[in-house]
Every structure is written in C-alpha cells, then in structure tokens.
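Visitor: Quick one: this structure, given as structure tokens, is what I'll be asking you about.
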Amino acid sequence: MKCGALTKPRWPSNSGITHTGSSVSGSNLLGAREIRELAEQLGIRPTKKLGQNFVIDPNTVQRIVRLAGITSTSKVLEVGPGLGSLTLALLEPGAKVVAIEIDKVLADQLPLTVQAHLPESAGSLTVIHGDALTLRELDFEPDALVANLPYNVSVPVLLHLLQALPSLRSILVMVQKEVADRLVAGPGSRTYGVPSVKIRWFGDPQAAGGVGQKVFWPEPKVDSGLVRITCHEPPKCSSSRAEVFSVIDAAFAQRRKSLRAALSQFAGSPALSELALVAAGIDPGARGEALAVADFARLADALGQSAKSARNA
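Okay, structure coming up:
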C-alpha cells in the first residue's frame, strides 16, 4: 500500500465502544440512533471540511449495494466509509472490501464495528487510513468502486481513482445532486462540462436515482444523486490522456467562445486552431459543449500533429 497505513482488525475484549444493537430489527446494519450514539462515544463531530455526512438509513445503503450489483465475488473499494453504514451493507453479500478513510478515529473504529455487527465478514475487510487523492495502488485489484463521496472533493477523487485503478469495471457513487447532473450530462446540455467529458474517457455514466437530505446526519442543505459508471477502454488516439484533458480544459475555459477562439492560444494562433479543427472534422465555429470525448481525442491528435509540423517547418 502506498497510501496511509493499513489498519489491521483488532478486537479487544473491551474496546470502550458499547454495542447498542441495530435499530433495525433483524438487520446487521446501522440505524440512526446507533450512528449518533457511536459518534458521541467516539467524540466525533461531523465536519464540513472533511465533507462528513453519515448515512443513517439502512434502506439507502441496501439500495446502493443492489444498484451496484455487488455479489460474493466482488472486490470493492469504498472511499470515506465513515461510521460503517455502507461498509456493512457491502460486506453482507460476502464481498471483499477495502475501505480508505482519512479520519484516523473512524479508520481505527471500523473493524470493531464490523466485528460487532457482522463478525463472519470481519476477515473480508481491510481498512486504509489515508487520503484517496494520494492513492497510487492497492495490494488487490478492485473491480468495483462504491462510495458516498464527500461533496467537496467528489469529482477530483473520482477522476483520480479511475486513472489510478484500471482494474475498476463498475462504479456507483453518491454525490451532490448538482454534481451528479454534471457527470451524466451529454453534449449540448447546459450542464455538460469538463467533468462530463473527462468521466466519459473512462466509462459511461448514468443517473441511478436521487437521495433526499433526511437519510443523512447531519442533514446536508442539498439533495444527493446516485451515478453509475460502466468502465470501458478510452477512445483510440495517439495522444495521451493528459494531452486530451488539456484540450478539454482549454475548450471549456472560455465556454461561450467558439472553439476556433477558445483554442487559439493553445494552438498558437486562430489560424492554427482552425486548421486543427478542420483536420479533426470539427466545425471551427462550434463550442466545446457540442463535442463528445471521442471528438476531443481526435482534436488532440490534430493539434499535436499541427504543433509537430510547426516545429519541423
């Protein structure tokens, strides 16, 4: 592991944390009362800085696991497990779960919570104390990412993990509704922008439903949305991902301008910008919001060839 420290499960006879029992009859999952009691015993006060809004509704986490298609053969990465609501739901079908948590108190507690509620699955959980934005590799190859992502870093975390973990095949994340709308927006939409295009480099995003404010503690001021991403190979092109993403950034930096104008500095001049656009089969008068990710890949190739020709002239 190259991110934080591995938290090995330790279950002392008296951890100092009282197991109060699930608030949902016959369930291994955490309910609202137990979430609040556990947080109080740990001295945890959810912070806006870390984007901590804990899910307190068992039905919601079960719904997420169902939509994610998690089974006994799944190898899941969870980001920001918090007090363990979603973690327990992911472990219930028998999946192997690696959870990365930036808060050390929460990271240390998570194995104890699983031991108390779902002891038969304790060996299927690995906890990493660290920042998902610094994750480079794991000791296993996850095929699924399932997470309630912090509102303040959801897009950077998602893009980073898609780049860092090519083994991912499917993703189900809960994010702020506004972010969810942007991620799933298609070309021509008002909400289509940089995140919309970059996500499609890695996979096909789809809206998977909404989540109200009352399933969280503390309640956020906005609704959340579920986004499902089916991963695929990136568009075929000779340019690197970084080169294509640079073109995407340049095209949307001046969103209301034509691509000819928006890319003029990037290309070296308006004339070179137009030449590259024409070579890529793109209308120079179009705007970035009209292009799909495959169009940006072709455009990056054309701009690269134009720059190469200019150097050799």
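My numbering numbers the first residue of the sequence shown as 6 and each following residue consecutively.
Just so it is clear, CB atoms sit at the ideal spot from N, CA and C, and this is done for glycine as well.
Look up F221 in the DSSP assignment and give the residues it is bridged to.
Guide: V60
Visitor: State buried or exposed for F4, treating a residue as buried only when at least 16 other CB atoms are found within 10 Å of its CB.
Guide: Examination of residue 4 is not possible in this model, given that the chain is present from 6 through 318 alone.
Visitor: If E45 sits next to Y197, beta carbons under 8 Å apart, how far is it from one beta carbon to the other, in whole angstroms?
Guide: Not quite, the Cβ-Cβ distance comes to about 44 Å (not below 8 Å), so this is no contact.
Visitor: Pair every Cβ in the region 199 to 212 with every Cβ in the region 245 to 261, then say whether three or more of these pairs are closer than 8 Å.
Guide: Result yes; three or more Cβ-Cβ pairs closer than 8 Å.
Visitor: Output needed for P51: all residues of its chain with C-beta closer than 8 Å, excluding positions within five of it in sequence on either side, in chain order.
Guide: A44, Q57, N58, F59, W222 and P223
Visitor: Determine the DSSP secondary structure at H4, reduced to helix, strand or coil.
Guide: The chain is shown only over 6 to 318; residue 4 falls outside these bounds and no answer can be derived.
Visitor: Among residues of its own chain, excluding the 5 on either side of C8, which ones have a beta-carbon nearer than 8 Å to its beta-carbon?
Guide: Per-residue confidence for C8 stands at a pLDDT of 49, beneath the threshold of 50, marking its modelled position as unreliable; the derived number appears in the next sentence. Within the same chain, C8 has close Cβ partners I105, I133, G135, D136, A137, T139, L140 and R141.
Visitor: List the DSSP bridge partners of P240.
Guide: DSSP, once it has assigned bridges, lists no residue as partnering P240.
Visitor: Are three or more beta carbon pairs between the region 179 to 188 and the region 266 to 285 nearer than 8 Å?
Guide: no
Visitor: Between the alpha carbons of S79 and T92, how many angstroms are there, rounded?
Guide: 13 Å
Visitor: Determine the burial state of H122: buried for a count of at least 16 other Cβ atoms within 10 Å of its Cβ, exposed for fewer.
Guide: buried
Visitor: For T196, which residues does DSSP report across the bridge?
Guide: Looking at the DSSP assignment, T196 forms no beta bridge with any residue, so it has no partner.
Visitor: Suppose you measure from the CA of A256 to the CA of S175; what does that come to, to the nearest Å?
Guide: Near 28 Å, if we compare the C-alpha coordinates of S175 and A256.
Visitor: To which residues of the same chain is C236 closer than 8 Å at the C-beta, ignoring the five residues directly before and after it?
Guide: L167, L173, R174, S175, I176, F207 and G208
Visitor: Over what stretch of residues does the alpha helix (DSSP H) that includes S278 continue unbroken?
Guide: P275 to A284
Visitor: Per DSSP, what kind of secondary structure is T235 in: helix, strand or coil?
Guide: T235: strand per DSSP, three-state reduction.
Visitor: Would a C-beta distance cut-off of 8 Å place S159 and V180 closer than the cut-off?
Guide: yes
Visitor: Is K313 helix, strand or coil when you go by DSSP?
Guide: helix
Visitor: Rounded C-beta distance between L130 and P116? I'm assuming under 8 Å.
Guide: With a Cβ gap of about 6 Å, L130 and P116 count as contacting.
Visitor: By the three-class DSSP mapping on this structure, what secondary structure does W105 have?
Guide: Position check: residue 105 holds Ile in this sequence, whereas Trp was assumed. Of the three classes helix, strand and coil, the one that applies to I105 here is strand, per DSSP.
Visitor: Looking at the secondary structure, which residues open and close the alpha helix (DSSP H) in which D254 lies?
Guide: R246 to A258
Visitor: Which of helix, strand or coil does DSSP assign to A212?
Guide: strand
Visitor: Within its chain, find whatever has a CB closer than 7 Å to the CB of W199; leave out the 5 residues flanking it on each side and keep chain order.
Guide: As written in the sequence, residue 199 is Val, which differs from the Trp given in the question. Once the five neighbours on either side are set aside, the close Cβ partners of V199 are I253, D254 and F257.
Visitor: Suppose only complete runs of 3+ residues qualify. What are the beta strand (DSSP E) ranges in the region 129 to 186, listed by chain order?
Guide: 130 to 134, 149 to 153 and 175 to 181
Visitor: In the DSSP assignment, what are the bridge partners of K80?
Guide: K101
Visitor: Would you decide whether D300 is buried or exposed? Buried here means 16 or more other CB atoms lie within 10 Å of its CB.
Guide: buried
Visitor: Which one or two residues does DSSP pair with S229 in a beta bridge?
Guide: In the DSSP output, where bridge partners are listed per residue, S229 has Q181 and V216.
Visitor: Under the rule that 16 or more other beta-carbon atoms within 10 Å means buried, what is A302, buried or exposed?
Guide: buried
Visitor: Under a three-way DSSP split, which group does K203 fall into?
Guide: Under the three-state reduction of DSSP output, K203 falls in the helix class.
Visitor: When DSSP labels each residue in this structure, what does D300 get in the three-state scheme?
Guide: helix
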